[in-house]
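Have a look at the structure below before the remarks.
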Amino acid sequence: MHNNTLLYLHKLINIEKRLIMKTWKKLLLGFAGIFALTALAACSSSKDSLEKVQDKGTLTVALNPHFAPFEFKTIQNGKDTIVGADVEIAKAIADELGVKVKFSEMSFDNVLANVQSGKADIAISGISATKERQKIFDFSDTYYESETVLVVKKDATGTYKQTGDFAKKSVAVQKGSIQENIAKANLSDANVVSLAQPGEAINELKSGQVEGVVLEKAIAKGYVDQNSDLAVSDITLKSDSKDAYAVAMPKGSDKLKEKVNKVIAKLKKEGKIDSYVQDAYTLSLKSSSK
Ligand code: ARG
1 MHNNTLLYLH
11 KLINIEKRLI
21 MKTWKKLLLG
31 FAGIFALTAL
41 AACSSSKDSL
51 EKVQDKGTLT
61 VALNPHFAPF
71 EFKTIQNGKD
81 TIVGADVEIA
91 KAIADELGVK
101 VKFSEMSFDN
111 VLANVQSGKA
121 DIAISGISAT
131 KERQKIFDFS
141 DTYYESETVL
151 VVKKDATGTY
161 KQTGDFAKKS
171 VAVQKGSIQE
181 NIAKANLSDA
191 NVVSLAQPGE
201 AINELKSGQV
211 EGVVLEKAIA
221 KGYVDQNSDL
231 AVSDITLKSD
241 SKDAYAVAMP
251 KGSDKLKEKV
261 NKVIAKLKKE
271 GKIDSYVQDA
281 YTLSLKSSSK
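Number 263 in UniProt numbering belongs to position 263 of the sequence shown; there are no gaps in the numbering.
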């Protein structure tokens, strides 16, 4: 082969080599980029709810404020304000985290879904920490023991003495609450009607559309104290799930849960939860909007 031809071939090979190197470099850079992005994504998704809340500077709390004395609305300084024992607990948690608190109002059957979708950081809404819910959410230590009762018309307390007396009768419950299941399990022959707010259920009872309302003792007390035509029946309802209330958080909120538990322990120790409930109860009797 001629020398020149050889030289030419050599050059060609060199150009080729450079091209290949360039392509490799590009590919490597590309890979590095993808790797960095994935690492970043993994990092942000593994961020505990605590860091997320602290980065935002706001704790968004989902609740259904038609549940006095835990959360309800009242006029304060001319403004419709969400108040109640749960509201005080939420404020104490926000204080501990050093962030602002924002209340996000919704129907009870949406409260937990909002935490799951990340729209709200936590839910404090008289939520019973049942085993089924614990599969989907992290729960704080419980802060209030509750019990489910049956409210009836006062003049019907003699008619409804045992669960069987509700056969073919209608009872109302709040939609999405554990009372839906408690009513179905205890009053198997009754027609269980799910309504958006406990207040609606009480109105249906007063107007005779249903014969009973299944709800929690502390909430029932408020309605019975304000409506002389209502009474809590002697019928005891069995509930296999623990009814105690806890703060709901997304799964994997270890650090946030630790902080929330610290606040709850402190409030319990100081007897604050009971005084929050008592004060809110007094306020609820005075306030017209619930
Ligand atoms: N404790 C019941 C539950 O967890 C009812 C809670 C209703 N809360 C409310 N804010 N409306 O299902």
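By construction, the Cβ of each residue, glycine as well, lies at the ideal position given by its N, Cα and C atoms.
Check                                                                                                             : Outcome
Cβ-Cβ distance between residue 341 and Ile124 below 7 Å                                                           : Nothing about residue 341 can be reported from this structure: the residues present for the chain run from 1 to 290 only.
Three or more C-beta pairs below 8 Å linking the segment 214 to 234 and the segment 145 to 161                    : yes
Local conformation of Ser44 per DSSP, three classes                                                               : In this predicted model, Ser44 has a pLDDT of only 48, less than 50, meaning its place in the structure is not dependable; the value taken from the coordinates is given anyway. Residue state, collapsed to three classes: helix.
Alpha carbon of Lys268 to alpha carbon of Ser207, nearest angstrom                                                : 40 Å
Gly57 beta carbon less than 7 Å from that of residue 344                                                          : The shown model of the chain, from 1 to 290, leaves out residue 344, and the question about it has no answer.
Close-in-space but distant-in-sequence residues of the same chain around Asn77 (CB under 8 Å, 5 per side omitted) : none
Beta-carbon gap between Val214 and Leu150 smaller than 7 Å                                                        : yes
Closer than 6 Å: Gly84 CB and nearest the ligand HEM heavy atom                                                   : Because the ligand HEM does not appear in the structure shown, any question about it cannot be addressed here, the ligands present being the ligand ARG.
Closer than 6 Å: Gly78 CB and nearest the ligand ARG heavy atom                                                   : no
DSSP state of Met106 mapped onto helix, strand, coil                                                              : coil
Counted within 10 angstroms of its Cβ, other Cβ atoms place Gly84 as buried (16 or more) or exposed               : buried
Gly199 - DSSP class collapsed to helix/strand/coil                                                                : helix
Helix, strand or coil at Glu170 [DSSP, three-state]                                                               : Note on identity: in this sequence residue 170 is Ser, with Glu being the wrong assignment. Reduced to three states, the DSSP call for Ser170 is strand.
Alpha-carbon spacing of residue 315 relative to Phe108, whole angstroms                                           : An answer regarding residue 315 cannot be provided, because it is not within the stretch 1 to 290 covered by the chain.
Three-state secondary structure assigned by DSSP to Tyr276                                                        : helix
Below 5 Å from a heavy atom of the ligand ARG - residues by beta-carbon                                           : Asn64, Phe67, Phe108, Ser125, Gly126, Ile127, Ser128, Ser177, Ile178
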